[in-house]
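Its first residue numbered 419, the sequence shown is counted upward by one per residue in the numbering used here. See structure below.
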Amino acid sequence: MEKRIYITTTVLGLIILSIGVPIISAQTQVLLPQNYAMFLSTNIQERIDMLIFVSPQYSYDTEIITSIDSYINTVKEDLGWNSKIIFIQQKNNDYEKIDQTIEQYYLLYHIKACIMVGEDIDTALAGDYDYMEKPSTVPWSTIGGEAAYEISERGVVSKPYTTDICVSLLYPTHTLDFQTKKSQIIYAFNKFCTQRNSYYLKDMLAFESSDINKNSKSIYLSLSDYEDFNYVEDPSDLEVKMSLDKAYSIYLVHGHSNPSGTDINGWFSADNIDQLDTPFFGADGCYVNGWWSDQPDNNALDSSVNGIWYGSKIFTSKHVKVMSLGLLSQNGFSYTVSFIENALPDLLEGKTLAESMIKDTSLGNTIIIGDPTFHFVL
419 MEKRIYITTT VLGLIILSIG VPIISAQTQV LLPQNYAMFL STNIQERIDM LIFVSPQYSY
479 DTEIITSIDS YINTVKEDLG WNSKIIFIQQ KNNDYEKIDQ TIEQYYLLYH IKACIMVGED
539 IDTALAGDYD YMEKPSTVPW STIGGEAAYE ISERGVVSKP YTTDICVSLL YPTHTLDFQT
599 KKSQIIYAFN KFCTQRNSYY LKDMLAFESS DINKNSKSIY LSLSDYEDFN YVEDPSDLEV
659 KMSLDKAYSI YLVHGHSNPS GTDINGWFSA DNIDQLDTPF FGADGCYVNG WWSDQPDNNA
719 LDSSVNGIWY GSKIFTSKHV KVMSLGLLSQ NGFSYTVSFI ENALPDLLEG KTLAESMIKD
779 TSLGNTIIIG DPTFHFVL
């Protein structure tokens with residue numbers, strides 16, 4: 419029996435939950451009993467700050483695991499965080515089982531972040547429209563099950579929610595061959611290690627379309643309190659091109675969007691990310707946080723397919739270590755719910771991305787791609 423719920427605030431989509439008992443392995447194999455929620459292993463004495471879930475097709479690849487282990491050690495040296503790998507078996511590659519595991523570790527350790535490695539992890543679907551799909555991490559990012567984000571009888575999210583855990587995605591494009599996907603994952607984790615120190619250069623840039631900035635322009639302009647913030651409304655193609663040759667601490671674009679780019683007067687292609695010299699990229703708009711699929715609107719999660727989409731660029735960009743994709747600013751609420759208002763100030767003060775997001779009020783439209791432990795060196 420399928421259970422279907424809506425979890426989006428803008429474009430309605432569906433997520434399918436299946437009920438079952440997970441058998442999850444970790445760095446030390448752990449077999450969880452039938453009523454495993456009451457018997458989650460507490461043998462680990464050290465605090466756990468972050469979980470890294472590795473989906474089935476990558477769980478037995480020693481080179482991938484070696485790169486993740488190096489990342490874990492680097493994060494430990496940098497932040498003092500302890501991390502744990504959770505290897506997922508195919509029969510347990512299920513949204514709800516993953517969520518149950520996250521919540522149990524949160525109750526024991528108050529984990530700060532999770533990284534999801536693998537395009538076939540059963541991700542909650544936040545939108546499905548015209549061959550474009552976007553995932554939602556809301557259920558994984560909240561504690562307390564459906565009550566945390568209040569689904570009505572029709573399944574519509576009825577109010578903003580509080581972020582308890584920063585969840586980031588590392589999802590290679592589904593149709594790439596295994597060796598390419600493997601190489602991309604290893605490249606990403608190596609980048610997170612070798613480019614650990616992101617010095618705050620002060621320069622920040624935001625491109626925004628005047629067509630949709632009624633509720634967001636003032637939010638972007640609030641960043642003028644920081645040094646060397648440059649806000650450009652309706653930039654020309656030449657201005658976009660020239661911006662690709664300069665280094666920035668943060669680079670933001672906002673306009674009508676799809677997974678492969680954003681209309682900001684000219685067109686900002688996701689391909690431009692490969693040319694950017696910035697550790698932090700943000701794209702603001704509908705469907706920037708999704709992918710192209712080979713299925714029309716069918717209210718079910720479909721795999722990503724070949725083509726340009728923002729999230730895939732974490733694997734090809736030389737400098738970008740983390741992306742924030744979704745509705746970063748535009749809200750129209752009487753209180754703060756946007757990423758720029760809530761999380762960005764803390765990030766600019768040196769907190770990790772995960773710590774800057776925890777306990778923030780959100781609409782659930784922001785997806786993090788890349789390293790949740792990213793932080794600036796001031």
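Glycine included, each C-beta is placed from N, C-alpha and C at the ideal position. Every value quoted in this text rests on a predicted model; they were computed, and no experiment measured them.
In this structure the region 692 to 700 lies against the region 737 to 744, because at least three pairs of beta carbons, one per stretch, are closer than 8 Å. The DSSP-derived three-state label of I561 is coil. Taking 4 residues as the minimum length, the alpha helix (DSSP H) runs contained wholly in the region 649 to 678 are 655 to 661, in order along the chain.
Straight-line measurement puts the Cα of L525 at about 27 Å from the Cα of G768.
Counting only the Cα atoms, Y638 lies some 20 Å from Y705. Where E481 is concerned, the enclosing alpha helix (DSSP H) starts and stops at T480 to L497.
Counting along the chain, the unbroken alpha helix (DSSP H) around F596 starts and ends at F596 to T612. Counting C-beta pairs with one atom in each stretch, the region 528 to 538 and the region 743 to 756 have fewer than three that are closer than 8 Å, which means they do not touch. Our two residues, N633 and E626, have alpha carbons roughly 12 Å apart in a direct line. With a contact defined as Cβ atoms closer than 8 Å, K609 and E645 miss out at about 27 Å. In its chain, beyond the 5 residues on either side, D621, M622, L623 and A624 have a beta carbon closer than 8 Å to the beta carbon of N648. Put simply, the backbone Cα of L781 is about 10 Å away from that of G744.
Taking 7 Å as the cut-off, the beta carbon of D702 is found closer than this to the beta carbon of H672.
One thing to note: D517 has its Cβ within 7 Å of the Cβ of P557. Note: P553 is bridge-paired with L543 in the DSSP secondary-structure output. Your pair K552 and G708 checks out as a contact, with CB atoms roughly 3 Å apart and the cut at 8 Å. Taking the Cα positions, T492 is about 29 Å away from A688.
Using a Cβ distance threshold of 7 Å, F792 and Y618 do not count as a contacting pair. Across the structure, P677 and I506 are spaced so that their CA atoms are roughly 28 Å apart.
Here S477 carries a coil assignment [DSSP, helix/strand/coil]. In terms of Cα proximity to Q602, the closest of R614, C611, L588 and D546 is L588.
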